[in-house]
Ligand SMILES: CC(C)(COP(=O)(O)OP(=O)(O)OC[C@H]1O[C@@H](n2cnc3c(N)ncnc32)[C@H](O)[C@@H]1OP(=O)(O)O)[C@@H](O)C(=O)NCCC(=O)NCCS
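In my numbering, the protein residues as written are 5 to 203.
Structure follows, in structure tokens:
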């Protein structure tokens with residue numbers, strides 16, 4: 005397969021939703037976990053591509069999108085924009101679930117209603133990212149290249165540092181982040197925050 009990395013184009017959006025779902029269970033296919041296949045993408049992929057398209061890069065294999073890196077340069081400002089421009093319509097579309105609803109769908113709908121939370125320990129790392137490659141594109145150096153392109157862009161934008169969060173179950177991604185230059189910032193109950201200084 006012939007892989008290329010290019011800037012995001014609006015026609016990629018539907019593929020970002022698909023890739024987000026197909027890697028959404030700690031790196032594995034989450035299709036069977038969600039009744040609504042768009043929920044993961046509503047929270048973890050689409051708002052970044054729509055609100056900060058210059059920080060979204062897409063991997064294509066023989067022309068078809070099969071991976072991405074996306075994020076924001078300033079998490080506080082991005083979270084504010086999500087409150088104003090992204091979540092209101094989704095909060096109407098997806099009413100809060102019953103308290104005893106423990107489904108995966110309900111978990112993401114609650115996140116949509118809660119919005120993003122600012123974590124004090126991450127304030128010195130203003131940018132953040134999400135990266136996902138379909139299995140066909142994994143293990144060939146594309147993840148490392150995406151991190152390089154993303155951090156180059158952040159340096160160009162004079163962003164001092166970035167962070168990311170990864171679930172503790174996703175041991176492969178944890179190994180990857182450590183290998184490509186991220187350091188541990190803080191460990192939460194179910195996830196780990198990694199960071200990288202850019203200056
Ligand atoms: C995690 C992911 C982004 C890594 O991208 P990738 O293209 O597969 O990784 P690369 O081939 O670029 O590997 C880069 C380096 O990390 C290392 N690496 C990759 N996986 C590793 C692992 N499980 N443990 C240790 N090192 C690992 C590679 O050996 C390579 O080292 P080198 O460049 O020094 O030889 C990709 O596999 C993926 O998208 N997985 C599914 C979705 C996911 O889990 N996303 C993260 C959600 S937080």
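For glycine and all other residues, C-beta sits at the position ideal for the given N, C-alpha and C.
Using a 10 Å radius around the Cβ and a threshold of 16 neighbouring Cβ atoms, would you call residue i buried or exposed?
{"i": "residue 56", "result": "buried"}
{"i": "residue 66", "result": "exposed"}
{"i": "residue 188", "result": "exposed"}
{"i": "residue 100", "result": "exposed"}
{"i": "residue 175", "result": "exposed"}
{"i": "residue 80", "result": "exposed"}
{"i": "residue 151", "result": "buried"}
{"i": "residue 71", "result": "buried"}
{"i": "residue 181", "result": "buried"}
{"i": "residue 199", "result": "buried"}
{"i": "residue 28", "result": "buried"}
Using DSSP bridges, identify the partner residues of residue i.
{"i": "residue 48", "result": "Per DSSP, none; premise fails for residue 48."}
{"i": "residue 201", "result": "165"}
{"i": "residue 65", "result": "7, 68"}
{"i": "residue 136", "result": "72"}
Does the CB of residue i have a neighbour CB from chain B at under 9 Å?
{"i": "residue 26", "result": "The question asks about chain B, but that chain is absent: this structure has only one protein chain."}
Just checking my contact of residue i with residue j at CB under 8 Å: how many whole Å lie between their CB atoms?
{"i": "residue 250", "j": "residue 126", "result": "The structure shown does not extend to residue 250, since the chain is modelled only from 5 through 203, so no value can be given for it."}
{"i": "residue 23", "j": "residue 73", "result": "The Cβ separation is near 11 Å, so there is no contact."}
{"i": "residue 34", "j": "residue 44", "result": "6 Å"}
Measure the C-alpha to C-alpha separation of residue i and residue j and round it to an integer number of angstroms.
{"i": "residue 12", "j": "residue 191", "result": "32 Å"}
{"i": "residue 75", "j": "residue 153", "result": "12 Å"}
{"i": "residue 148", "j": "residue 14", "result": "24 Å"}
{"i": "residue 46", "j": "residue 179", "result": "27 Å"}
{"i": "residue 170", "j": "residue 183", "result": "14 Å"}
{"i": "residue 5", "j": "residue 18", "result": "21 Å"}
{"i": "residue 130", "j": "residue 164", "result": "8 Å"}
{"i": "residue 25", "j": "residue 50", "result": "12 Å"}
{"i": "residue 158", "j": "residue 133", "result": "11 Å"}
{"i": "residue 59", "j": "residue 102", "result": "36 Å"}
{"i": "residue 161", "j": "residue 173", "result": "33 Å"}
{"i": "residue 30", "j": "residue 177", "result": "9 Å"}
{"i": "residue 84", "j": "residue 53", "result": "16 Å"}
{"i": "residue 139", "j": "residue 98", "result": "31 Å"}
{"i": "residue 9", "j": "residue 145", "result": "12 Å"}
{"i": "residue 62", "j": "residue 16", "result": "8 Å"}
{"i": "residue 195", "j": "residue 7", "result": "31 Å"}
{"i": "residue 118", "j": "residue 69", "result": "31 Å"}
{"i": "residue 88", "j": "residue 141", "result": "35 Å"}
{"i": "residue 215", "j": "residue 155", "result": "Since the first residue of the chain shown is 5 and the last is 203, residue 215 is not available in this structure."}
Original post:
For the 8 Å Cβ check, are there 3 or more pairs between the region 86-95 and the region 111-118?
Top reply: Contact between the region 86-95 and the region 111-118 is established, with three or more Cβ pairs separated by less than 8 Å.
Original post:
In chain order, what residues have a CB nearer than 6 Å to some heavy atom of ligand 3?
Top reply: Summarising the ligand content, the structure contains ligand 1 and does not contain ligand 3.
Original post:
Taking contact to mean at least 3 C-beta pairs separated by less than 8 Å, is the region 25-39 in contact with the region 101-110?
Top reply: The region 25-39 is in contact with the region 101-110.
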